[in-house]
Structures are given as structure tokens and as C-alpha cells.
Amino acid sequence: MRPFDYMRAEDLQAATEAKGNGATVIAGGTNLLDLMKLEVMAPERLVDITRLDLHNTERTSGGGLRIGALVTNSDLAANPDVRRNWPVLSRALLAGATGQLRNKATTGGNLLQRTRCYYFYDTAMPCNKREPGSGCHARTGFNRIHAILGASDKCIATHPSDMAVAMRALDAEVEVQGSGGTRRMGLDALYRLPGDTPHIETSLAEGEIITAVILPPPPTAATQVYRKVRDRSSYAFALVSVAAVVAMDGARIREARLAFGGLGPMPWRDGEVERALEGQEPSDALFDCASDILLRDAQGQGSNDFKIPLARRTLKAVLREVTRTEAPA
Amino acid sequence: MNKHLKMDAPQKRVLDETAQGTLGRPLDRPEGPLKVSGRAAYSAEYQLPNMATGVLVRATITHGRMTSLNDEAVRGMPGILGVFTGERFLRNPAQGGAGKAPVQGASEVAYLGQPVALVVAETFEQARHAAQQLRPTFAGEPADTHPEHAAQVDRPDKKQLDQGDVDGAMQAAAASVDVVYTTPPHSSAPMEPHASVAEWQGDRLILRGSYQMLKYNKKELADAIGVAPENVRILSPYVGGGFGSKLGIAPEAVSAALAARELGRPVRVVMSRQQVFEGTMRRSETRQRLRLAVDADGVLTALEHDARVSNLPGESFSEPVQQATHFLYRGENRRHENEIARVHRTCAGSVRAPGEAVGMLALEAAMDELAEAAGIDPIELRKRNIPDTHPENGIPYSARSLAECLDEGARRFGWGQRDLRPGQRREGEWLIGIGVAAAARPNILSDSRARVTLREDATALVETDMTDIGTGTYSVLSQLAAEMLGLPVESVEVRLGDTDLPPAAGSGGSWGASSSGSSVFLACRGIRETLARRIGCGAEALTLQDGVATGGNRRETLRDLLAEGSIEVEGHIEPGETAKEVSQASYGAHFVEVAVSAVTGEVRVRRMLGVFAAGRILNEKTARSQCHGGMIWGIGSALTEEIAHDPRDGHIVNRDLAEYHIPVNMDVPDLDVTFLEERDDHASPIQSKGIGELGISGAGAAVINAIYNACGVRVRDYPATPDKIIAQLAE
Numbered sequence: 052m053r054p055f056d057y058m059r060a061e062d063l064q065a066a067t068e069a070k071g072n073g074a075t076v077i078a079g080g081t082n083l084l085d086l087m088k089l090e091v092m093a094p095e096r097l098v099d100i101t102r103l104d105l106h107n108t109e110r111t112s113g114g115g116l117r118i119g120a121l122v123t124n125s126d127l128a129a130n131p132d133v134r135r136n137w138p139v140l141s142r143a144l145l146a147g148a149t150g151q152l153r154n155k156a157t158t159g160g161n162l163l164q165r166t167r168c169y170y171f172y173d174t175a176m177p178c179n180k181r182e183p184g185s186g187c188h189a190r191t192g193f194n195r196i197h198a199i200l201g202a203s204d205k206c207i208a209t210h211p212s213d214m215a216v217a218m219r220a221l222d223a224e225v226e227v228q229g230s231g232g233t234r235r236m237g238l239d240a241l242y243r244l245p246g247d248t249p250h251i252e253t254s255l256a257e258g259e260i261i262t263a264v265i266l267p268p269p270p271t272a273a274t275q276v277y278r279k280v281r282d283r284s285s286y287a288f289a290l291v292s293v294a295a296v297v298a299m300d301g302a303r304i305r306e307a308r309l310a311f312g313g314l315g316p317m318p319w320r321d322g323e324v325e326r327a328l329e330g331q332e333p334s335d336a337l338f339d340c341a342s343d344i345l346l347r348d349a350q351g352q353g354s355n356d357f358k359i360p361l362a363r364r365t366l367k368a369v370l371r372e373v374t375r376t377e378a379p380a
Numbered sequence: 007m008n009k010h011l012k013m014d015a016p017q018k019r020v021l022d023e024t025a026q027g028t029l030g031r032p033l034d035r036p037e038g039p040l041k042v043s044g045r046a047a048y049s050a051e052y053q054l055p056n057m058a059t060g061v062l063v064r065a066t067i068t069h070g071r072m073t074s075l076n077d078e079a080v081r082g083m084p085g086i087l088g089v090f091t092g093e094r095f096l097r098n099p100a101q102g103g104a105g106k107a108p109v110q111g112a113s114e115v116a117y118l119g120q121p122v123a124l125v126v127a128e129t130f131e132q133a134r135h136a137a138q139q140l141r142p143t144f145a146g147e148p149a150d151t152h153p154e155h156a157a158q159v160d161r162p163d164k165k166q167l168d169q170g171d172v173d174g175a176m177q178a179a180a181a182s183v184d185v186v187y188t189t190p191p192h193s194s195a196p197m198e199p200h201a202s203v204a205e206w207q208g209d210r211l212i213l214r215g216s217y218q219m220l221k222y223n224k225k226e227l228a229d230a231i232g233v234a235p236e237n238v239r240i241l242s243p244y245v246g247g248g249f250g251s252k253l254g255i256a257p258e259a260v261s262a263a264l265a266a267r268e269l270g271r272p273v274r275v276v277m278s279r280q281q282v283f284e285g286t287m288r289r290s291e292t293r294q295r296l297r298l299a300v301d302a303d304g305v306l307t308a309l310e311h312d313a314r315v316s317n318l319p320g321e322s323f324s325e326p327v328q329q330a331t332h333f334l335y336r337g338e339n340r341r342h343e344n345e346i347a348r349v350h351r352t353c354a355g356s357v358r359a360p361g362e363a364v365g366m367l368a369l370e371a372a373m374d375e376l377a378e379a380a381g382i383d384p385i386e387l388r389k390r391n392i393p394d395t396h397p398e399n400g401i402p403y404s405a406r407s408l409a410e411c412l413d414e415g416a417r418r419f420g421w422g423q424r425d426l427r428p429g430q431r432r433e434g435e436w437l438i439g440i441g442v443a444a445a446a447r448p449n450i451l452s453d454s455r456a457r458v459t460l461r462e463d464a465t466a467l468v469e470t471d472m473t474d475i476g477t478g479t480y481s482v483l484s485q486l487a488a489e490m491l492g493l494p495v496e497s498v499e500v501r502l503g504d505t506d507l508p509p510a511a512g513s514g515g516s517w518g519a520s521s522s523g524s525s526v527f528l529a530c531r532g533i534r535e536t537l538a539r540r541i542g543c544g545a546e547a548l549t550l551q552d553g554v555a556t557g558g559n560r561r562e563t564l565r566d567l568l569a570e571g572s573i574e575v576e577g578h579i580e581p582g583e584t585a586k587e588v589s590q591a592s593y594g595a596h597f598v599e600v601a602v603s604a605v606t607g608e609v610r611v612r613r614m615l616g617v618f619a620a621g622r623i624l625n626e627k628t629a630r631s632q633c634h635g636g637m638i639w640g641i642g643s644a645l646t647e648e649i650a651h652d653p654r655d656g657h658i659v660n661r662d663l664a665e666y667h668i669p670v671n672m673d674v675p676d677l678d679v680t681f682l683e684e685r686d687d688h689a690s691p692i693q694s695k696g697i698g699e700l701g702i703s704g705a706g707a708a709v710i711n712a713i714y715n716a717c718g719v720r721v722r723d724y725p726a727t728p729d730k731i732i733a734q735l736a737e
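As you go down the protein sequences, you meet chains A and B in turn. Quick note: to get my numbering, add 51 to the position in the first sequence (first position is 1). Quick note: to get my numbering, add 6 to the position in the second sequence (first position is 1).
And the structure:
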């Protein structure tokens, strides 16, 4: 760990100023501290934002939910309003990490956690995300946990969060504070695909800090499911996960919102999959069609080829569950 | 006084006649409260005055030479006291029982991750940062990183067996299987990483280190740093798990000792989790071919078990894959071919149950396949093939309860309800199945000494350099002495883990409790003889219970008998002819119920039962814990555990506990363990046999066999991760 300067931000303005001047934000530290010990990240300055007033979860005037960036994963998962009205989020949170980590990890920090790519974590190995231009060692290496969607020849890392997958399905927005004021954006705008610059992971500007996540009002009459497939029952990152928020209109699917973890460099969502389902009567053939669309550009990297059939099987099982469709005999 | 026994003949069951009634009981560990309250100091926790901290630096090439330490910049960093390397540095730990230094010389690099230097600083943080900044330069040479493509493959004559006509028996078989199983490399992953604190007192080195076999470690360390063994003292009173990875002296101890001598200050070196993965020992991957044939009666006529394993060039250890295959089943026509591929990967060595842990994954799964091919119940097939005499050398067996374990397990587990056809039980998307496998692990008695002193106040002191690596040594030695001396167990104090005490067998190969326990038993026999003389009766007529001695119509308190002086005896057990005259092993049977998701291929173990017979059980609780641990290792090896080596440079890719998946609580159901009453008079004078590795032997195969019964998918490439299940499971 490189020696660093530490400052505690007394207010949001001090925090954004510090970040604007190159400081790295620390909250729960569950990921950053590990990365600093390994010198994968070696910030010269840390700004601790844990004393800022971003710890509240409250309903918005429009009936949505405003989740402070410093609300811990444990508190958010246990929030009665979340459990009742956005259960997919609670489920996703509880599927991640361990109780100890969730007690420390924050909402904003969870969104901004770094990939778990083995080569990113090993400073002796090339990694374009850690050291731009050094190469991607994962593409031709061991890549069991890597992306099949949205990757580039510069980087095939996945985003490891469960929480963010549920939030993406819920059309969550992040509220961002910078020197130029406040703005809001969806997770699709927050995250960037790796392209040629995998070290740039978000569209946050220099001095911007995530202050909250805003959920729209609860989906009406929708079934919410989070299903995570992993190599052991707990404390493992998703091979594939699916967050589904699906509402029926009689025998037809009225609305389907689906997001995926473990497949891509960001929590993945594909509007075409949803449009293919909406207005249709559920059937295995329809679910196959949706899976075909989701995976039309899927690219296995060798050790992770299995994610393509696994994603199909998991998506279809989730769709059967939320639409109460029997599997064909 | 000394009391020596060479185990040349079966011994009478003295411990069935003693009166105290403490041996075998499920007593709590005497050191348990210290451990759970943080007062049991582990190696890294010693704070010595003026102590400096060292952090190891790894090679970043696979094979070649370190051309320069390149340490100028690092030496100027804050707090840096020195950067050490050299020809005495270890490239990898010593193999278990080596008693001399392993391969030395940090300038030669044999695998990526090999320790090549030690950075020492005033604080841990300074040393770690400087170690990360140190970038030695290397000159690479061609390397072999994959055992299937290695240029050098050794086939040692003494590791081959060809008996009878296997090919002929295969052709004439009523049923047969010819299958290839593969198992990945494993990590021992002890909770406590390797850690040493080295302190020189004049010419004498005091090393507080986390080690399993101190009498060997002392010689290994002395040899490595070039001093006489009597000038080395190792202290390991508490060890947070070893599982084989701490059998031999390791790079952190030697580098700490060298740096401490150079600096004239105590030096502490603790390996990071990543360094434990790549800089200590791994279990070799294996490729195993099983060819099994039975006649019309279901009796094995051919048993071929071939293996390819790997290790670094020059390392003597090779995974003894057929260790249980040698004696477990019949089959007059037998063949074992063994190949050792020389690869530049982290050193391969003993990891819990070397041999059986992976050999039985293949053998016991192949037996399941054979049972199906022959149309015989898997339990019945195993029972029909229990040999009358050792199938390779003809010697008889000592106590062997394999059939009883299988039958008792079948009864308890409800084996009779099993559907022979796979895929018949379904609960929603979950397919349910049950499986069985045998467990077997050879018994080893090893030279061991202990000193027991019965003090004037009628308390006893047991002293030996034996270790307790979480296994329960403190418990079982306390109970043995209490039983033999007629004392409450609280009146026995046990001191372990100090090479200034009588040398013991150490912890490894499941021999620890029986070997060190026998030495304590012998010492106590000597004490009983003295007490009998003092009371005036024959030793056979003496009864000791609750501090009171009875014999020859006299009844005296021990305190009174000890008024003329305390009694000190050193016990010494030595293996003898019984190790060669009979085949000794512990046996058991595993029963597993799994649920397999028809959608995702995820496997959940729902029930697991182990029935074991390992001679006399010394402490029912610590023995049970050993079996629990082994069975959990079995679940891990069946479902989740796998070291991934990079295909290009051989380095360990998943070198932390987030990505090397040992089972977590949710992977483990309630484990049911039952012991069958047994005495093995050939094994040791206390009639006990090894138990520390029995629980893992065969356990993973029972899981794999249950998966097949659940869904009809036969995974022959361990572990059975979801991808391998869905590859064979219709959507």
C-alpha cells in the first residue's frame, strides 16, 4: 500500500472539491482497501465521505425511493419498504458478498466497485484496465468469470455487482453532485462499455460524487425475481444472474424488465429482449426467442463459453417463474 | 527412566482395563477458551522488542534466472532495513519428513510466484510497499507449464505394478469399465497463513513458526541456514491448520532467520494469502485411468489404476494416487502405471490425505460405474470384493470394518429406498439422488517420544514436541494420561510444540494421535510400575482412579504415594514388524443425498452420513470434528475446489479465497458421523488408528455418485461445477 493523504469531508462541497483535485473517494472501503493493499489502486489522496448526510432512505414526492449513497447494503436489504415494494433489490443485495461485507459496503460504493478479473488483481500481469496499453491477459488466459456481452478486444471484464443488476431492472437513476451542480442519469449512462478505454468505467466527471440512487415508484402488479447462479451457494460472484420485473395483463405479458449480471462489463439490459416479450402470450418458444435476442452477439472467450447456454437456461427458468408457465414435458 | 516399545507384536488392551473412564469421552479442548478469547498466541502474534517485519517478493517469470535484484530505489525508501536474497533462500518448502533443506538458491526461478527476496522494514506497511515496488529483473528460459504437454515425464520403476494379465481379464469380463477421471490441483488453504518470527539469542535461533513436524523442521531449518540442529529451537504451541502445507520448513522461516541474523534484530515474516497459494504447496492435478472387470459373480478380476501427476523438476514427491487401491479391493490381475510430468508450477506436495483424497475420487466413482455395468448394487459390489488377504502381497488384514460401515450406513441412511435408475426423483426443478463410496486410509505409526511427570501434588505434566494443528492433540494426550494415571483430566497439563521437548512424530499422515498417544501411554505405564512398587503390588494389579491407588489390599492416595518423590518417565514408541506383517487401515463409508438443478446444473448436498471405524476413539468430539472436516473437504473437491493455472505461464490465477472456492456454510448440510466400536491390536498399544484423513477419503466420490443417481450425468472431470452438469443435461 502506497502512503497516502487522508481527509475527512465535512460537507459535500469539500468532498467534490477534493475529488475534483484528484482525491479518491472512500466510503465502506470493502473493495478499495483490498485494491490499495495490492497496489492495484494507489491513490495519493483519499477523501472519506462517510460523515456526509447521505445515510437516509426515503420516499420521494412522486412515490419513488431515494436511497442515500451511504446507505449500507445490509440496511437497504432489510428496509421494510424495499422488501415489500422492490423485493428484487432486497434479494439481489442478499445474494451478494457476506454479512460482514454488506454491513460496511455502501450503495454508491457497490455501484462503483471494480471488476474481479484475476489479471486486474495481479500487478505482475498485463491489464488494460489497470495499466492502459499493457494488454488484456484475460482474453487468451483463464476467463471463466469473464464477459460474453459488451466486451472488447481490450477488456473482457465483468461488473461484479448484484445490487446494480436489480437497480438496472428497476430503471434506477443515480443522482450525482459535482462542482457544476446536480444531475441524474440512468445506470446505462453511468457505466461505459470498455471499447478502447477500459480504464474509464463510468461517465462521472472529475469532481462528481454519487449522492443517491432514485428508484421510480414500485412496479404495479409485477412479479419480481432475482436469480443468481454461482459456483458455490454463497460468497461467490455470479456466473449468470437475472433480475426480472414482469407484469401480466390477463394471459399476456404487459411489461417485462430484465437485467443480467455476470454477462457483461455493466449490469446488462437489452430493450429488444423486453419488446419481444411484451404483448405476447408466454410460451417456451417465446422464451427461446427472447434468449436468442439476448445472446445474438454473445461471444465466449474459452473458459466461459458455458455462460451462453447457462444464460439461456436461467433466463427461461426465470421467465417461466414470473409468468407461471409450465416447462414443456 | 525410559519406557520403550517397538511395535513387533499385537498388544493387549490395557486401556480396556483402566478405571478412570475419561478416554474416548467427547471432552472439550483444554485450550479452547484460550483460542476463542484470543489468548492463544499464534506465531505472527508474538511482539518481540525491536522486531522488524519482512515481506516476501515473488518471481514474475516461470523459469529462468534472476539477473538483478534491482533494489537501489527500494533501499532508500522510508524504514527499509534491508533487501535479502541469496543461495540459502528456499525455492519451495521441504517435503514432509525431509529432515534437510529443500532446493535452495533464489537466483534460479522454477515457477512463477517463487519467493526470490525479502524486504525488511521497521513496519509491516513499509515492508509491504517496498516489496511491491521491488522489480527484480529476470532472464526467462523455456518452460513446461502443462502436465499433458511436458517434455519430461518420469516413469520410476518402483512406482509401476503389473501383476497377472489385466488385458486378458478385461476381455473375459462379464462386465467392465474403462474410464478416465481427472482431478484439478488443490490448495490446503489453512486459516492461519504461514508465519515465522525469528530471533537469535547469541548463536542460537529461536523460531516461532506455524509448523506440523518440529523434529524434522528443526533439521531442515538448521541445514538451510547452515547451523547445527542443536542451535535451532522451534516453538509451535498453536497452529491454525496445516493440512500438509506446513509439514516442511518453508521460505518465510528461512528468510526470516537469515534476515534476523544479518540485522541483529528479531524479524517477523507472514505470508499473504496469495503467497500461501503460490509459494507453499499445492496438490497435484491428476489424470487417472481406471479399468475394472468383474466375473459373473461380481468379483473383480482386473483392477488397473494408472495416473499422471506432476511436480517441479527434481522434486521427490509424487501424489500416491493408488494408495488405497493397493489394498481396498480384490482383483488378481492388477496394473498401476505412474507418470510424473515435470512442470514449472508451484511445488506439489502433501495436501490432506495425499493419494486417497484424489485417488478415491476416481476409484470410487469408477466402482459406481462398474456396479451399474454389472447390474449389482454398489454396496453389494464393494462387499463382494473385500479381499481375504492383501491382493498385491498376500499379507492378512488387521481389524477391518468396511462391510460393517457399509451396512450400518445403508441402514441409517435409508439406502434401500434408492432407485437404481438415475433421474427418478424430482422436486420442482430439483433432481434428487443418493450415492455411496467407501473410505480407506492406511494406518501409520511413527517414532514418537513424550515425557510424563507425575508430580507430588498428584498432577501430571506431559511434554513433547508434538503439535496440535487444530486436531485435538491437547485433548487426547490429556485424556490418555488422565486415564492411565487415574486423574481427573483437569489435573493433566500438556506442553506441546517446542523442540527442546522430547521429539514426537508430528502432525501428518493421520499418525499424530496414535503415535504421540502411544508414547504418552508408555510413559504412563512406566509411572504405573513405579507406583505399583511403592504400594507393593504387581503393575497388573494396580487400579488408579480419581487420585487414589488400589492394589495388593492397600488403598493410598496418589499424594501419599508421591510423598517420596515425583515420577518422571519418557515413553518411546517405535514402529515394528506389525507394520509389515498385516495390512492396517482405517475404513468407512460415505452416504450422500444431493439435489441437482435441472435448469442451472447447481448441486446442493442435502444429507451426508459418514460411518467410520478407526480402532479406539480417543476423544469422540475431536474425532468427529476431524471427520466433519474431511467430509467438507470431500464436498469441496466434488463441487467447487480447483486451482486454475494460467495456460501460458502456469501461475495460479485464482490465488485468494474469493476465487478459490472452499465450501461455505451454505454448501454443507448437517453432517452425520457414526463411529463403529473397534480395537486394532496390531496398530498401536492403544489400539487406535489414524482418523484425520479418513473423512475426506472417498467423500467426494459419494457426491459424484449421488449426482449421477439424481440426474444421470456422470462427471469425470472434477469438480462438478454447473457448466459440466448442464453440458450433459437436457434443458
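Beta carbons are placed, not taken as given, at the ideal position from N, Cα and C, and that holds for glycine.
### Task
Please classify Ile67 (chain B): does DSSP put it in a helix, a strand, or coil?
coil
### Message
Given this structure, state the Cα-to-Cα distance separating Gln485 (chain B) from Ala464 (chain B), to the nearest angstrom.
### Response
15 Å
### Task
Taking 8 Å as the cut-off, decide whether the C-beta atoms of Val500 (chain B) and Gly532 (chain B) are in contact.
no
#### Entry: Segment limits, beta strand (DSSP E) that includes Trp421 (chain B)
No beta strand (DSSP E) holds Trp421 (chain B); DSSP gives it neither H nor E.
### Query
Who are the Cβ neighbours of Arg110 (chain A) in its own chain at under 8 Å, not counting the five residues just before and after it?
Leu116, Arg117, Asp132
### Below-8 Å beta-carbon distance, Asn76 (chain B) vs any chain A residue
no
### Query
Rounded to a whole number of angstroms, what is the C-alpha to C-alpha distance between Ile573 (chain B) and Thr473 (chain B)?
24 Å
### Query
Quick one: what does DSSP say Ile638 (chain B) is sitting in, helix, strand or coil?
helix
### Query
Along chain B, which residues have their Cβ under 8 Å away from the Cβ of Ala368 (chain A)?
Glu435, Val605, Thr606
### Message
Check whether the region 330-345 of chain A and the region 227-242 of chain A are in contact - that is, three or more C-beta pairs closer than 8 Å.
### Response
no
### Query
Going by the beta-carbon positions, is the gap between Val617 (chain B) and Leu663 (chain B) smaller than 8 Å?
no
### Task
From the DSSP output, in three-state form, read off Met299 (chain A) for me.
strand
### Query
When we look at the beta-carbon of Val42 (chain B) and count the other beta-carbons within 10 Å, is it buried (16 or more) or exposed?
exposed
### Query
If you measure beta-carbon to beta-carbon, which residues of the region 262-289 of chain A are closer than 7 Å to chain C?
The chain labelled as chain C is not found among the protein chains of the depicted structure, namely A and B.
### Query
Which whole runs of the beta strand (DSSP E) in the region 152-202 of chain B are 3 residues long or more, in chain order?
167-169, 181-189
### Query
Among B:Val674, B:Ala726, B:Leu735, B:Leu502, which one has its Cα closest to the Cα of Ala46 (chain B)?
B:Leu502
### Task
Could you please give the first and the last residue of the uninterrupted beta strand (DSSP E) stretch that includes Gly119 (chain A)?
116-119
### Query
Checking contacts by CB at 8 Å: is His667 (chain B) closer than that to chain A?
yes
### Task
Report the neighbours of His192 (chain B) on chain A: residues whose CB is nearer than 8 Å to its CB, in chain order.
Going along chain A, no residue has its Cβ under 8 Å from His192 (chain B), so there is no contact; the nearest lies around 15 Å.
### Task
Starting from the Cα of Ala380 (chain B), find the closest Cα among B:Glu462, B:Val183, B:Pro153 and give me that residue.
B:Val183
### Task
Step through the CB atoms of chain A and report whether any lies within less than 8 Å of the CB of Asn339 (chain B).
no
### Query
With a cut-off of 8 Å, do at least 3 Cβ pairs link the region 678-692 of chain B to the region 202-211 of chain A?
no
### Query
Identify the residues that DSSP records as bridge partners of Pro581 (chain B): which are they?
B:Met13
### Message
Within 10 Å of its beta-carbon, does Glu570 (chain B) have 16 or more other beta-carbons around it, so buried, or fewer, so exposed?
### Response
exposed
### Query
Would Thr68 (chain B) count as contacting chain A if we go by Cβ distances under 8 Å?
no
### Query
Roughly how many angstroms separate the alpha carbons of Arg271 (chain B) and Ala136 (chain B), rounded to a whole number?
19 Å
### Message
Check for me: the alpha helix (DSSP H) holding Ser525 (chain B) runs from which residue to which?
### Response
518-541
### Message
Quick check: is the beta carbon of Met92 (chain A) nearer than 8 Å to any beta carbon in chain B?
### Response
no
### Message
Please confirm whether Met52 (chain A) has its beta-carbon closer than 8 Å to some beta-carbon of chain B.
### Response
yes
### Task
Flag this pair as touching only if the region 23-41 of chain B and the region 466-481 of chain B have three or more C-beta atom pairs under 8 Å; answer yes or no.
yes
### Task
Mind checking which residues open and close the alpha helix (DSSP H) that includes Glu325 (chain A)?
322-328
### Message
Taking a contact to mean a Cβ-Cβ separation below 8 Å, would you say Gly304 (chain B) touches Leu387 (chain B) in this structure?
### Response
yes
#### Entry: Own chain partners of Ala4 (chain B) with C-beta closer than 7 Å, once the 5 adjacent residues on each side are dropped
What the structure shows of chain B is the stretch from 7 to 737, and residue 4 (chain B) is not part of that stretch, so it cannot be assessed.
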